[in-house]
Structures are given as structure tokens and as C-alpha cells.
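As numbered in numbering that gives the first Met the number 0, the sequence shown has no gaps in its residue numbers, which increase by one up to the final residue, 174.
Glycine included, every Cβ here is placed at the ideal spot set by N, Cα and C.
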Amino acid sequence: MARLIYSATASLDGFIAGPGGDMSWLTEHIGGENPTADRVLARTGAILVGRVTFGGDDPNAGTDAEGAFGGQYDGPVVVLTHRPPEEPPAGVEFATDLPTAVERAKALAGDRDVNVLGADVAAHCLDAGLLDEVLMFFAPVLLGDGTPIFRRPGGTRVRLKRLPGETEHWYRVVR
């Protein structure tokens, strides 16, 4: 069964996007060899994303690297939103509630994983007990403000356990 994995690159002060959703800071920190990112991409059978992230800034816009995983991902996408468009783009499905979005993304992923993109959707999955793993990459930059890795005002403590044999910041959510 597909696992839900939240993966993102963050600044050292814990932001995955700068003020106003700015992602331009990421451009200088992507590229090169990254075996962990390659493994995640190979395991990803579907992407679950929120509407803000789906329609947001792409540091690679207008290049061959535009899109998820630096343009390397080519597969189904499920967008969680309260306002789905009347004409969805090809290969993209929209869901208006979390259980439906997760169920559909898992079905599309088959025996591979669902990669969760976007802090709000990841927090909703975590709060609903649906998130299985968290993988963070860190870029050597301090943004000072923006979208935090997780935004859960009043949220409860969540225990994570490092996955054996994996990179330092890849964790299983302990239930």
C-alpha cells in the first residue's frame, strides 16, 4: 500500500518558501547529485498537493527543469482545493476534501508512494493521522520569514523516528 511522504527543501531557519511564497532562493541550491532525492522520485507514484503550492512559484519556471522534482516527475497529481477549476489540466485531478484526495492519490500511486507537497496539506495529513514519513532537505540559507515546514498552531507534539539506513532527516511518523 502507498505511503504518504512529505518531502521538501527548507532553509536552515525552517522555511520552505520565502515571503509571499517566493521560491527563487531555491534556484542556487538545486542540481547536482542527490541519491536520496533520486530514490524518492523513483518511489513516487502520485503527488498530493495543495492549491497554493500547485499554483505557486516554481524556481525553474520557463526551463526544462520546471515542475516537481526539477521537472523529472511525470505522473498523476491530485490537488486538494475548495475551488476546483471547471477544466482541469491533463494529468491533474482535483478533490475538495482530504480523505477523498488521499484515497485517490493512493489509488493512482498503486504500489508506489504518494509524495505530499505543500506545508498546509502535509499538516492536514499529519493531523488526520495519514502522514507516514517526513523527509527534509536543507539549503544553506536563512530566509528570515515565509512558509514554515509545518504550520500547526495549537497542534500537538508529534514523535518522529529516524529511518535506519537513510539520510539524517528522513523520519517515520510514530503513531
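Can you give me the C-alpha to C-alpha distance between residue i and residue j, rounded to a whole angstrom?
| i | j | result |
| --- | --- | --- |
| leucine 142 | valine 78 | 27 Å |
| aspartate 12 | valine 140 | 8 Å |
| aspartate 112 | alanine 7 | 15 Å |
| lysine 105 | arginine 150 | 24 Å |
| threonine 95 | phenylalanine 137 | 31 Å |
| isoleucine 4 | aspartate 21 | 23 Å |
| arginine 174 | arginine 158 | 8 Å |
| proline 83 | leucine 125 | 23 Å |
| valine 39 | tyrosine 72 | 11 Å |
| glutamate 165 | histidine 28 | 21 Å |
Measure the Cβ-Cβ separation of residue i and residue j and say whether it is below 7 Å.
| i | j | result |
| --- | --- | --- |
| alanine 108 | alanine 9 | no |
| tyrosine 170 | valine 133 | yes |
| alanine 127 | leucine 97 | yes |
| threonine 52 | asparagine 114 | no |
| valine 48 | leucine 116 | yes |
| aspartate 144 | proline 34 | no |
According to DSSP, simplified to helix, strand and coil, what is residue i?
| i | result |
| --- | --- |
| arginine 42 | helix |
| proline 84 | coil |
| arginine 50 | helix |
| threonine 26 | helix |
| alanine 1 | coil |
| threonine 35 | helix |
| glutamate 165 | coil |
| threonine 95 | coil |
| leucine 79 | strand |
So, at 8 Å on beta carbons, what are the nonlocal neighbours of residue i in its own chain, with the 5 sequence-adjacent residues on each side left out?
| i | result |
| --- | --- |
| isoleucine 148 | Ala7, Ala9, Gly13, Phe14, Ile15, Ala118, Met135 |
| aspartate 131 | Arg2, Leu3, Ile4, Arg171, Val172 |
Only counting the same chain, and skipping five residues up and downstream in sequence, which positions put a Cβ closer than 6 Å to that of residue i?
| i | result |
| --- | --- |
| histidine 168 | Met135 |
| arginine 161 | Tyr170 |
Any C-beta of chain B sitting closer than 7 Å to the C-beta of residue i?
| i | result |
| --- | --- |
| arginine 2 | In the structure shown, chain B does not exist; there is a single protein chain. |
Which residues in the same chain as residue i place their Cβ atom closer than 7 Å to its Cβ, once the five residues preceding and following it in sequence are excluded?
| i | result |
| --- | --- |
| arginine 103 | Val77, Glu92, Ala94 |
| alanine 100 | Leu47, Val77, Leu79, Ala94 |
| glycine 90 | Pro75, Val76 |
Uninterrupted beta strand (DSSP E) stretches inside the region 117–158 (no shorter than 3 residues): List check, beta strand (DSSP E) in window: 132–138.
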